[in-house]
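**Q**
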Amino acid sequence: MIAVACAALSSCIKENRDKCPCYLHVDLSRVDSHYVHKMDLMLADRFTGDAHWIAVEKKYIGDTLIMKVDKSEFDFSAWGNLDRSILNDVDRIITSANPADSLWSYYKPISTKCEDAFVRVLSERQHIPVTVIIRGMLNGLSDVRPEFDNISGCLMYNGAATGARGVLVPQMVKSPGNGDSYYMYKTLMLTQASATDVVLNLHFVKDGNAVETTYPVGKILAEMGEDISATNQKPIVIDLTIGAADILFSITVSNWTRHGIYTITY
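What follows is the structure, given as structure tokens:
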């Protein structure tokens with residue numbers, strides 16, 4: 000275990016002018032650097048409302064940081080992989096990019112009204128990997144575009160989902176050709192305040208006709224007991240097989256699969 004000198008971090012934390020400040024020990028030994036390539040710590044004073052961020056270099060992930068802080072009560076947050084996300088210190092909201100960063104977080108109220116305070120960071124995944132596969136009768140198909148609607152792209156500093164809902168557009172990673180006979184799209188969805196409102200809209204042009212179909216992804220997830228408002232959720236795979244007059248829909252999460260058939264009109 001390596002103790003990182005607090006002098007390197009003192010510019011980020013308002014130093015207590017008392018003779019006996021508190022030394023906060025932040026244990027990062029349970030953070031897996033294979034998944035978390037950068038980390039930011041946040042201390043928000045529960046009395047003054049002041050928030051301070053501390054950037055942690057990757058080489059210190061897995062060790063213990065020791066920093067000098069005021070004797071007070073704090074909201075402590077640790078966030079992994081804040082790359083393109085936007086931080087709003089006033090409202091204490093993190094707004095993700097599209098697709099979302101592969102966020103990990105940990106939150107705990109702490110007291111530093113002592114000589115030494117200790118907190119162990121136990122990061123939880125705040126993103127859900129989602130794959131959309133489109134196969135079947137693809138001849139004459141063009142302008143294929145799946146998108147998720149009623150998606151929240153914001154999280155509070157304590158990890159709770161929040162913010163207005165919008166559209167999340169997965170990125171295409173495979174298309175028919177080069178040995179592949181299907182489309183594949185991938186995205187990362189943040190944990191959501193409500194699973195039931197999320198829908199998948201599939202847009203495409205078939206033989207010159209624009210088609211849009213909608214699938215109640217959130218409702219199905221909720222019916223199957225998947226709570227995407229919780230952290231560490233399992234990856235979701237959605238498979239759409241296009242037929243002559245209908246689309247076979249299936250959604251798979253871990254050890255269960257749910258099917259449905261949706262009629263389409265060209």
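Just so we're aligned, residue 0 is where the sequence shown starts under numbering that gives the first Met the number 0, counting upward by one. Note that beta-carbon positions come from the ideal geometry of N, C-alpha and C, so glycine has one too.
1. Cα separation between V252 and K112?
2. Return helix, strand or coil for V216, following the three-state DSSP convention.
3. Ignoring anything shorter than 3 residues or poking outside the stretch 47 to 89, list the beta strand (DSSP E) runs there in chain order.
4. What three-state label does DSSP hand A116 in the structure shown?
5. Check each candidate in Y106, V129, I93 and W52 and name the one with the smallest Cα separation from P145.
6. Considering only their Cβ atoms, is the gap separating K185 from P169 smaller than 7 Å?
7. Taking C-alpha atoms, which residue in D26, D179 and H36 lies nearest to D62?
8. I need the straight-line Cα distance from Y182 to N138, nearest angstrom please.
9. Run through DSSP, which three-state label would T256 get?
10. Less than 7 Å between the beta carbons of G152 and S95, yes or no?
11. Give the secondary structure of A192 by DSSP, where H, G and I count as helix, E and B as strand, and everything else as coil.
12. Going by DSSP, what residues sit across from L23 in a beta bridge?
13. Output the boundary residues of the beta strand (DSSP E) element that contains E146.
14. Which same chain residues end up closer than 7 Å to I109 when comparing Cβ atoms and leaving out the 5 residues on each side of it in sequence?
15. Does the distance from the CB of P98 to the CB of L187 come in under 7 Å?
16. Cutting at 7 Å between CB atoms, please list the residues of its own chain near S101, excluding the five before and the five after it.
17. Less than 7 Å between the beta carbons of I336 and I250, yes or no?
**A** Considering the structure as presented:
1. Walking along the sequence shown from the start, residue 252 turns up at place 253. Walking along the sequence shown from the start, residue 112 turns up at place 113. The straight-line gap from Cα to Cα measures roughly 45 Å.
2. Here residue 216 corresponds to residue number 217 of the sequence shown, with the count starting at 1. The answer is helix: DSSP assigns V216 an H, G or I state.
3. 50 to 55, 63 to 68, 72 to 79 and 85 to 87
4. On the sequence shown, position 117 is the one that residue 116 refers to. The answer is strand: DSSP assigns A116 an E or B state.
5. The sequence position of residue 145 within the sequence shown is 146, counting from 1. Nearest option by C-alpha distance: V129.
6. Mapped onto the sequence shown, residue 169 falls at position 170. Mapped onto the sequence shown, residue 185 falls at position 186. Yes, they are a contact pair.
7. Taking the first residue of the sequence shown as position 1, residue 62 is located at position 63. D62 has its Cα closest to that of D26, out of D26, D179 and H36.
8. For the purposes of this step, residue 182 is taken as residue 183 along the sequence shown, with counting starting at 1. For the purposes of this step, residue 138 is taken as residue 139 along the sequence shown, with counting starting at 1. Near 12 Å, if we compare the C-alpha coordinates of N138 and Y182.
9. On the sequence shown, residue 256 is found 257 positions in, with the first residue counted as 1. Strand, per DSSP.
10. Sequence index remark: in the sequence shown, residue 152 carries index 153 (1-based). Sequence index remark: in the sequence shown, residue 95 carries index 96 (1-based). The answer is yes: Cβ separation under 7 Å.
11. Taking the sequence shown and counting its residues from 1, the one referred to as residue 192 is at position 193. Coil.
12. As a first step, residue 23 must be located in the sequence shown, where it is residue number 24. Answer is M66 and A116, bridged to L23.
13. Here the question's residue 146 lines up with position 147 in the sequence shown. Run containing E146: L140 to M155, per the beta strand (DSSP E) assignment.
14. The residue labelled residue 109 in the question sits at position 110 within the sequence shown. These residues qualify, in order along the chain: F73, F75, A116 and V118.
15. Sequence index remark: in the sequence shown, residue 98 carries index 99 (1-based). Sequence index remark: in the sequence shown, residue 187 carries index 188 (1-based). Closer than 7 Å, so yes.
16. Position 102 of the sequence shown holds residue 101. Answer for S101: N80, H126 and L187, listed in chain order.
17. Because the chain spans 0 through 265 in this model, residue 336 falls outside it and cannot be assessed.
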